[in-house]
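Note that UniProt numbering numbers the sequence shown so that position 251 is 251, with each residue one more than the last. For every residue, glycine included, the Cβ atom is placed at its ideal position computed from N, Cα and C. Because the structure is a prediction, the values reported are computed rather than measured.
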Amino acid sequence: MKFWSSLQENRSFWSKWCWKVRKQIVILPFALLFSLSLLTSCNTAPASPLRVAINPWPGYETLYLARSLGHYENTPIELIDFPSAAEEMRAYRNGNVEAMASTLDQALTLATTQSDVRIVTIMDFSEGGDVILAKPEILNLKALKGKRVGVEANALGAYTISRALELADLTPNDIEVVPLGLSEHERAFKDGEIDAVVTFGAARTRISETGAKQIFDSSQIPGEIVDTLVVRQSVLETQSEASQALVKGHFEAREYLKKHPQESAERVAPRTQITPEQFLESFEGLRSPDIQENQTLLGGENPLLLKTARRLVAIMMDNDLLSKPVDPANLLDDRLVKAL
């Protein structure tokens, strides 16, 4: 009896022990899986943002409008303000941004040292948006001879003043060039430090209100000042979704601006410290091509922008604005606009 009693007790003990072991064997894999998933989620870094450099130009405000409308909410896109195109280009060269909104001449300038420059969208054509404003007594371009002219120290500033003077049979040697950042244009003009200034956007609006006379605008050199969106070639592969969202947002904001100009201006104008009315005025002289036009400008066997870009390269080489020739065909990339 003792034997059977002992056997019963042992049987009960072993039965309980086996049940505990079986429970642990069943639970252990799930615990391991949970721990691994928790560890993975803790160690997974958030996606790096697509950093986009932007300088003060009305045609680039569609990117900020897109952000205001929520088009970039679920996409890692970071819009970064730069006070001038020169600083924006420096950030691109130093690898501090992956994309930038810039003029075509600036993209060409960058391409002389940066092989990864790709133009993925044409933001706008300046057809009167870039101007030369002068004191009221300076009646025309010829009257600039011997005068002090404020010019941004970048490719666009040099290009614009060179082309304007060329129309008057003058050269930069015929004037006194005063290098000025965009933020200094209004103050320098009001304080009498300069007689004229190459300017645009909100600065143009405010200086015009002082009684300045407009003696040149970019409609006199049609098709030569083109604003683009540049993305690094490698980023088009590694951050393709964010790149696509960036471009799509621009076109959606462009349509919204056309249909709801006042509301769009009220959303974005405070950022640039001007009134909504001044914001809308700053768009005068700009033409923003739609998706279909962008596809023909950047794609196909003979992209429409190619002729303009090659002419621009020749003009820049003639005026010593490029250190070496650039083939624009290597820069144009239509994959993002073609996907829309």
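Name the DSSP bridge partner or partners of Pro179?
Start at 1 with the first residue of the sequence shown, and residue 179 comes out as number 179. In the DSSP output, where bridge partners are listed per residue, Pro179 has Val151.
Hey, Gln262 and Thr205: beta-carbon distance below 8 angstroms or not?
Here residue 262 refers to the residue found at position 262 of the sequence shown. Here residue 205 refers to the residue found at position 205 of the sequence shown. It is not a contact, given that the beta carbons lie outside the stated cut-off.
Throw me the rounded Cβ distance for the Arg93 and Thr113 pair, which I believe falls under 8 angstroms.
If you number the sequence shown from 1, residue 93 lands on position 93. If you number the sequence shown from 1, residue 113 lands on position 113. So it is a contact: roughly 7 angstroms between Cβ atoms.
Can you tell me the Cα-Cα spacing of His185 and Gln106, whole angstroms?
What you label residue 185 is simply residue 185 of the sequence shown in a count that begins at 1. What you label residue 106 is simply residue 106 of the sequence shown in a count that begins at 1. Near 20 angstroms, if we compare the C-alpha coordinates of Gln106 and His185.
Do Gly300 and Ser218 count as a contact pair if the criterion is CB distance below 8 angstroms?
Indexing the sequence shown from 1 puts residue 218 at position 218. Indexing the sequence shown from 1 puts residue 300 at position 300. Contact: no.
Quick check on Thr238: does DSSP put it in helix, strand or coil?
Sequence index remark: in the sequence shown, residue 238 carries index 238 (1-based). Helix.
Assess, as a yes-or-no matter, whether the stretch 194 to 208 is touched by the stretch 146 to 161 under the definition of 3 or more beta carbon pairs within less than 8 angstroms.
yes
What is the rounded straight-line gap between the Cα of Leu36 and the Cα of Ala47?
Residue 36 sits at position 36 when you count from the first residue of the sequence shown. Residue 47 sits at position 47 when you count from the first residue of the sequence shown. For Leu36, the predicted structure reports a pLDDT of 43, less than 50, and the residue's modelled location is therefore unreliable. A value from the coordinates is still provided. Whole-angstrom Cα-Cα distance: 21 angstroms.
Return the residue from the list Ser234, Ile207, Asp124 that minimises the CA-CA distance to Ser115.
Position 115 of the sequence shown, counted from the start, is the residue given in the question as residue 115. Minimum Cα distance to Ser115 is reached at Ser234.
What do you reckon, are the CB atoms on residue 410 and Leu286 nearer than 8 angstroms?
Because the chain spans 1 through 340 in this model, residue 410 falls outside it and cannot be assessed.
With DSSP as the reference, label Leu108 as helix, strand or coil.
The residue labelled residue 108 in the question sits at position 108 within the sequence shown. In the structure shown, Leu108 sits in a helix (DSSP, three-state: H, G or I).
The beta strand (DSSP E) spanning Ala99 covers which residue range?
Taking the sequence shown and counting its residues from 1, the one referred to as residue 99 is at position 99. First-last of the beta strand (DSSP E) with Ala99: 99 to 103.
Taking only the alpha-carbon atoms, compute the straight-line gap between Leu340 and Ile207 and give it to the nearest angstrom.
Indexing the sequence shown from 1 puts residue 340 at position 340. Indexing the sequence shown from 1 puts residue 207 at position 207. The alpha-carbon atoms of Leu340 and Ile207 are separated by roughly 39 angstroms.
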